[in-house]
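K.L.:
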Amino acid sequence: MKATEMAQAPIHRHEFGDGGELAEKLAETVAGTLSAAIAARGAATLAVSGGNTPKALFAALSSHAIDWSKVTVTLVDERMVPPAHERSNHRLASLFLLQNKAAEARFVPLYRPGSDAAEAAKSAAGAIDALALPFDVVILGMGTDGHTASFFPEGSTLAAVTDPACGQSVMSIEAPGAGEPRLTLTLPRIVEAGLIVLHIEGDEKQAVLTRALSAGAETELPVRAVLNKATTPVEIYWAP
Numbered sequence: 011m012k013a014t015e016m017a018q019a020p021i022h023r024h025e026f027g028d029g030g031e032l033a034e035k036l037a038e039t040v041a042g043t044l045s046a047a048i049a050a051r052g053a054a055t056l057a058v059s060g061g062n063t064p065k066a067l068f069a070a071l072s073s074h075a076i077d078w079s080k081v082t083v084t085l086v087d088e089r090m091v092p093p094a095h096e097r098s099n100h101r102l103a104s105l106f107l108l109q110n111k112a113a114e115a116r117f118v119p120l121y122r123p124g125s126d127a128a129e130a131a132k133s134a135a136g137a138i139d140a141l142a143l144p145f146d147v148v149i150l151g152m153g154t155d156g157h158t159a160s161f162f163p164e165g166s167t168l169a170a171v172t173d174p175a176c177g178q179s180v181m182s183i184e185a186p187g188a189g190e191p192r193l194t195l196t197l198p199r200i201v202e203a204g205l206i207v208l209h210i211e212g213d214e215k216q217a218v219l220t221r222a223l224s225a226g227a228e229t230e231l232p233v234r235a236v237l238n239k240a241t242t243p244v245e246i247y248w249a250p
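Using the working numbering, read the sequence shown as starting at 11 and increasing by one per residue.
(1) Using 8 Å as the threshold, is the C-beta distance between Lys80 and Ala46 below it?
(2) In chain order, what are the residue ranges of uninterrupted beta strand (DSSP E) at least 3 long that sit wholly in the stretch 148-184?
(3) So, with DSSP's three-state summary, where would you put Glu228?
(4) Taking contact to mean at least 3 C-beta pairs separated by less than 8 Å, is the stretch 141-159 in contact with the stretch 123-133?
(5) Per DSSP, what are the beta-bridge partners of Thr82 in this structure?
(6) To the nearest angstrom, how far is it from the Cα of Lys35 to the Cα of Ala49?
(7) What are the start and end residues of the alpha helix (DSSP H) that includes Ala135?
(8) Ala267: buried (16+ other C-beta within 10 angstroms of its C-beta) or exposed?
(9) Can you tell which of Gly187, Asp139, Asp146, Leu141 has its C-alpha closest to the C-alpha of Ser160?
(10) Helix, strand or coil for Ala249 per DSSP?
(11) Assign Glu211 to one of three DSSP states: helix, strand, or coil.
(12) If you run the structure through DSSP and keep just helix, strand and coil, what is Thr194?
(13) Put Arg97 into one of helix, strand or coil per three-state DSSP.
(14) Roughly how many angstroms separate the alpha carbons of Val86 and Ser224, rounded to a whole number?
(15) Looking only at DSSP bridge pairs, what is Leu205 linked to?
(16) Give the straight-line distance between the Cα atoms of Glu38 and Gly52, rounded to the nearest whole angstrom.
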């Protein structure tokens, strides 16, 4: 592993030989952070992302022997699809994270049945606001278009969801690259977390990250909003 601190932002890079090694090491870090929060306050909160990249991480984390009954898990973002849908992040978390020892964790979904995206966002925001904030851990991914969470280029509410002064914890967003309408945690909820992880794999995403770390508009590569506005260091975990 190589870890270096980058001067232009509060960012630490952790590079691994492969995705399996990354998953094991990141699972150790997340489990340790959650355990420390439980020891300090009696509870811990974790927000996770979807996609294929975190599956190995979720499987590794689910087997760590922490007091999962005191952990609340939620999602960084969600598609407006029911939990049984193959594109649901709720489904992904259920299949890969909320298993083994982590099956004891409490799960707070973002999707709300019978609502349009804007109504679902208001309901989900109430559920998030009821948690012990800030989150102890937020695990982000990143697309090759530079999106993270559901901060998509050309997103209908991109300016609002990436506003450091946004007063809502969850908002809806639609974008050309998003597929379904989405629900997303807003920037303030993400960047105030105790541990912020950007988990990416592959050379293509490494190249996008390199661009994001250089000067440029956040609307072009929205992940820059997190990199530029985080109040604690962003821990970048990467493997080829």
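C-beta atoms are modelled at their ideal positions from N, C-alpha and C, and glycine is treated no differently.
P.N.:
According to the data block:
(1) The criterion of a C-beta distance shorter than 8 Å is not satisfied by Lys80 and Ala46.
(2) 180-183
(3) coil
(4) no
(5) Thr55, Arg116
(6) Between the alpha carbons of Lys35 and Ala49 lies a distance of about 21 Å.
(7) 127-139
(8) Any property of residue 267 remains undetermined from this structure, which presents the chain solely from 11 to 250.
(9) Gly187
(10) strand
(11) strand
(12) strand
(13) coil
(14) 25 Å
(15) Val147
(16) 19 Å
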